[in-house]
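Below: one structure, written as C-alpha cells.
Numbering (my numbering), first residue to last: 3 to 178.
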C-alpha cells in the first residue's frame, strides 16, 4: 500500500508536469482561447481543477469532499484574470492534493471518506481522481497543441520518432 501512495504521487506529479510544460508553450491569450462558446478554455479547466482539488483534498479525511462553499458552476464561467493568477490557481490546487496525499499512511487507505454523501475508501477516492485529473490535463494539452499547431513541442514521443526512442530505451540497462 505504501507503494500505491508513492506511485499515485508520482503519477499526479507527472500529470501536473504535462500541464506546466503546456503553459510554457502558450501565450497569455491562448490560455483563454475557446474553440467555440460551448467548449472550455484552458483557463476554465484550470479553474475547475482548482475548485475540485481544494474541495476534495482539504480536510478530506474528516469532511465531505464536496465542500459547501464550492460553486462548481462558476468554475466554468469566464472571469478576468492574469496568467499569474491562473497559474496561482493551478499550483494551489496541486499543492493541496500533494499535501493531503503526503500526509497519508498505509492505514489511511482503508478509511472511509465521503464525496457528496457517498462513501469511498481513501484508496478508491485516489483512484477516482487519478482518472479525473488526467482527463482534464489531456484536454489542456490538446488545446495547447491546437493553439500552437506546427510550433508545438511534443511532450511525449514525437511523431515519427518511436523507433529512435525505443532504440535509446532498449540500449540502456533495465532498471526498477
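C-beta: ideal position from N, C-alpha, C; glycine also.
Can you pull the DSSP bridge partners for residue i?
| i | result |
| --- | --- |
| residue 117 | 120 |
Just to confirm my understanding: we take residue i, look at its own chain, exclude 5 residues before and 5 after, and list those with CB closer than 6 Å. What are they?
| i | result |
| --- | --- |
| residue 92 | 48 |
| residue 135 | 17 |
Assign residue i to buried or exposed, taking buried as 16 or more other Cβ atoms, counted over all protein chains shown, within 10 Å of its Cβ.
| i | result |
| --- | --- |
| residue 169 | exposed |
| residue 1 | Residue 1 lies beyond the range of the chain shown here (3 to 178); nothing can be said about it. |
| residue 18 | buried |
| residue 104 | exposed |
| residue 127 | buried |
| residue 137 | exposed |
| residue 76 | exposed |
| residue 15 | exposed |
| residue 24 | buried |
| residue 162 | exposed |
| residue 45 | buried |
| residue 121 | exposed |
| residue 71 | exposed |
Taking residue i as the reference, give the member of the options with the closest Cα.
| i | options | result |
| --- | --- | --- |
| residue 82 | 176, 101, 30 | 30 |
| residue 37 | 175, 166, 142, 152 | 142 |
| residue 159 | 39, 99, 171 | 171 |
| residue 11 | 27, 98, 162, 161 | 98 |
| residue 21 | 60, 5, 89, 61 | 89 |
| residue 69 | 144, 100, 41, 119 | 119 |
| residue 106 | 121, 67, 61, 87 | 61 |
| residue 79 | 42, 56, 166, 164 | 42 |
| residue 55 | 167, 121, 40, 102 | 102 |
| residue 35 | 177, 153, 7, 145 | 145 |
Ordered along the chain, which non-local residues of its own chain (more than five positions away) have a Cβ less than 8 Å from that of residue i?
| i | result |
| --- | --- |
| residue 63 | 110, 113, 115, 124 |
| residue 148 | 37 |
| residue 117 | 58, 66, 67, 68, 127, 130 |
| residue 132 | 10, 13, 14 |
| residue 167 | 159 |
8 Å is my cut-off, CB to CB: does residue i come that close to chain C?
| i | result |
| --- | --- |
| residue 146 | This model lacks chain C altogether, as it is built from one protein chain only. |
Can the beta-carbon of residue i be found less than 8 Å from the beta-carbon of residue j?
| i | j | result |
| --- | --- | --- |
| residue 95 | residue 51 | yes |
| residue 53 | residue 74 | yes |
| residue 174 | residue 27 | no |
Leaving aside the five residues before and after residue i along the sequence, list all residues of the same chain whose C-beta is less than 7 Å from its C-beta, in chain order.
| i | result |
| --- | --- |
| residue 139 | 17, 20, 21 |
| residue 7 | 103, 106 |
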